[in-house]
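Trainee: Per this note's numbering, the very first residue in the sequence shown carries number 1391; after that it's consecutive.
From the three backbone atoms N, C-alpha and C, an ideal C-beta is built for every residue, glycine too.
Since the structure is predicted, the reported quantities are computational estimates derived from the model, not experimental observations.
Structure provided below as structure tokens; questions to follow.
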Amino acid sequence: MYLPEAIFPALLRLTHANRPFRTVQGAHDAIRERALRPAAYGPPARVRSDVSITVDRDGATPVYTVSPRSGGSSGHVIYAHGGGWINTIRSQHWALIFQIAAEARVTVTVPIWRLLPYGDAQEANALMLRLHTALRRSGPFVHLAGDSAGGQIALSAALALRDAGIAGIRTVLIAPALDLTISNPRIPDVLPSDPWLGVDGCRVLAEKWAGDLPLTDPVVSPLFGDLHDLGPLLIASGTRDILNPDAHLLVDKARAAGVEVTVLERAGAVHDFPLLPTRVGAAARSRIVAALRG
């Protein structure tokens, strides 16, 4: 069942889902709350019948593997979930991951990377590189994908892998965080219409996530990286999202570097719209699955 796209802006405001991202105090409160009461991250009890799930660990980090139950897998995808670096993976992420595994016929690796206040960009980047190195031994390709904060992690990993000599990695970015300085001059134009994200809280979270690195380091803000020799990019972004202006910059910069770019932009859509239970979200998910197939 699909829900009307128009209800989500009001729903986000009513549930105060935007508070950690819109105010400095909200960001600090969210970091403290996540430290006190970590949220459950496991997959839902009811899983679609055409996938299987296992879990392992990379050190102390849980790493899930979601595979097609029958017919074999053609390759790998590493999916970095979003959540503003403070929220763990949720049911919407799992639903998309299951769909990718079943319909793209790939094995999806899902690291439950450490959130703030304990994790940071360098740690997440190193985790992604270790996973990619291990998976390359067991399949013809290892694509990358991520949404929101996970989009930052995925693209930063693609850049680091390119620097290590692993060029041409296909990467899917859903409403990605690209420039953690949050300084795009078009953001004030978008901010009044964005029901979810804000500037003040996001800046607090971004500075914490950067750790010892400058905000302009590509491990933190991939928009500042050299984009040459990246593989094909698919970028999904809604226009009621303060991250949308940076998505436009990424498209222009990537194309100028000779990168193949596919853009899924939805006028009037909120942040992370492909994860929502709407017709527009479902159409975007189908495009994402197709991009990760083979």
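(1) Residue 1410 and residue 1476: beta carbons closer than 8 angstroms?
(2) For residue 1589, collect the residues of the same chain with a Cβ closer than 6 angstroms to its Cβ; drop the 5 residues on either side in sequence, then sort them by chain order.
(3) Which term fits residue 1576, buried or exposed, when burial requires 16 or more other beta carbons within 10 angstroms of its beta carbon?
(4) Determine the contact status of residue 1624 and residue 1652, defining contact as a CB-CB distance below 8 angstroms.
(5) Compare the C-alpha of residue 1391 against each of 1684, 1676, 1666 and name the closest.
(6) Grab the span of the alpha helix (DSSP H) containing residue 1606 for me, first residue to last.
(7) By Cβ distance, which residues of its chain are closer than 6 angstroms to residue 1446, with the 5 residues on each side in sequence left out?
(8) Can you tell me whether residue 1579 is helix, strand or coil according to DSSP?
(9) Expressed to the nearest angstrom, what Euclidean distance is found between the alpha-carbon atoms of residue 1574 and residue 1612?
(10) Have a look at residue 1417 and residue 1557 and give me their C-alpha separation to the nearest angstrom.
(11) Using CA coordinates, which residue listed in 1420, 1479, 1407 is at the minimum distance from residue 1507?
(12) Rounded to whole angstroms, how far is the Cβ of residue 1677 from the Cβ of residue 1659, which I believe are closer than 8 angstroms?
(13) Taking only three categories from DSSP, how would you classify residue 1442?
(14) Could you check the C-alpha separation between residue 1484 and residue 1438 for me, to the nearest Å?
(15) Pull up the CB-CB distance for residue 1395 and residue 1670, whole angstroms please, since I reckon it's below 8 angstroms.
(16) Among all the DSSP beta bridges, which residues are the ones paired with residue 1543?
(17) For the beta strand (DSSP E) containing residue 1655, name the first residue and the last one.
(18) Give me the Cα-Cα distance between residue 1561 and residue 1408, rounded to the nearest whole angstrom.
(19) Contact between the stretch 1523 to 1535 and the stretch 1458 to 1470 is defined here as three or more beta-carbon pairs at a separation below 8 angstroms; is this criterion met?
(20) Taking its Cβ as the centre, do 16 or more other Cβ atoms sit within 10 Å of residue 1543, making it buried, or is it exposed?
(21) So, for residue 1456: in the same chain, excluding its five sequence neighbours on each side, which residues have a beta-carbon less than 6 angstroms away from its beta-carbon?
(22) By the three-class DSSP mapping on this structure, what secondary structure does residue 1394 have?
(23) Of the choices 1599, 1469, 1580, whose alpha-carbon is the least far from that of residue 1537?
Mentor: Looking at the coordinates:
(1) What you label residue 1410 is simply residue 20 of the sequence shown in a count that begins at 1. What you label residue 1476 is simply residue 86 of the sequence shown in a count that begins at 1. Going by C-beta atoms, residue 1410 is nearer than 8 angstroms to residue 1476.
(2) Numbered from 1 along the sequence shown, position 199 holds the residue referred to as residue 1589. Excluding sequence neighbours, residue 1589 sits near 1572.
(3) Taking the sequence shown and counting its residues from 1, the one referred to as residue 1576 is at position 186. Classification of residue 1576: exposed, given that the 10 Å Cβ count is below 16.
(4) Residue numbering aside, residue 1624 sits at position 234 when the sequence shown is read from its first letter. Residue numbering aside, residue 1652 sits at position 262 when the sequence shown is read from its first letter. Yes, the Cβ-Cβ distance between residue 1624 and residue 1652 is below 8 angstroms.
(5) Position 1 of the sequence shown, counted from the first residue, corresponds to residue 1391. Residue 1391 has its Cα closest to that of 1666, out of 1684, 1676, 1666.
(6) Along the sequence shown, read from residue 1 onward, the residue named residue 1606 stands at position 216. Taken as a continuous stretch (DSSP letters only), residue 1606 belongs to no alpha helix (DSSP H), as it is neither H nor E.
(7) What you label residue 1446 is simply residue 56 of the sequence shown in a count that begins at 1. Result list for residue 1446: 1453, in chain order.
(8) By one-based count along the sequence shown, residue 1579 stands at place 189. In this structure, residue 1579 counts as helix in the three-state DSSP scheme.
(9) Against the sequence shown, residue 1574 aligns to sequence position 184. Against the sequence shown, residue 1612 aligns to sequence position 222. Approximately 14 angstroms, taken between the alpha carbons.
(10) Numbered from 1 along the sequence shown, position 27 holds the residue referred to as residue 1417. Numbered from 1 along the sequence shown, position 167 holds the residue referred to as residue 1557. Distance between the alpha carbons of residue 1417 and residue 1557: 36 angstroms.
(11) In the sequence shown, the residue the question calls residue 1507 occupies position 117. The option with the nearest alpha carbon to residue 1507 is 1420.
(12) If you number the sequence shown from 1, residue 1677 lands on position 287. If you number the sequence shown from 1, residue 1659 lands on position 269. Their Cβ separation, rounded to whole angstroms, is 14 angstroms, which puts residue 1677 and residue 1659 out of contact at 8 angstroms.
(13) Locating residue 1442 in the sequence shown gives position 52, counting from the first residue. Strand, per DSSP.
(14) Working through the sequence shown from its first residue, we reach residue 1484 at position 94. Working through the sequence shown from its first residue, we reach residue 1438 at position 48. So the two alpha carbons sit approximately 10 angstroms from each other.
(15) Translated into positions along the sequence shown, residue 1395 becomes position 5. Translated into positions along the sequence shown, residue 1670 becomes position 280. Between residue 1670 and residue 1395 the Cβ distance is about 6 angstroms, and since that is below 8 angstroms, they are a contact.
(16) The count along the sequence shown starts at 1 and reaches residue 1543 at position 153. Paired residues: none, contrary to the question.
(17) For the purposes of this step, residue 1655 is taken as residue 265 along the sequence shown, with counting starting at 1. Note, residue 1655: beta strand (DSSP E), 1651 to 1660.
(18) Numbered from 1 along the sequence shown, position 171 holds the residue referred to as residue 1561. Numbered from 1 along the sequence shown, position 18 holds the residue referred to as residue 1408. Each residue's Cα considered, the two are about 27 angstroms apart.
(19) yes
(20) In the sequence shown, the residue the question calls residue 1543 occupies position 153. The residue in question, residue 1543, is buried, as its Cβ has 16 or more Cβ neighbours within 10 Å.
(21) Counting from 1 along the sequence shown, the entry for residue 1456 is found at position 66. Cβ neighbours of residue 1456 beyond the five flanking positions: 1441, 1443, 1487, 1491, 1498.
(22) Counting from 1 along the sequence shown, the entry for residue 1394 is found at position 4. Of the three classes helix, strand and coil, the one that applies to residue 1394 here is coil, per DSSP.
(23) For the purposes of this step, residue 1537 is identified with residue 147 of the sequence shown, where counting begins at 1. Per the Cα distances, 1469.
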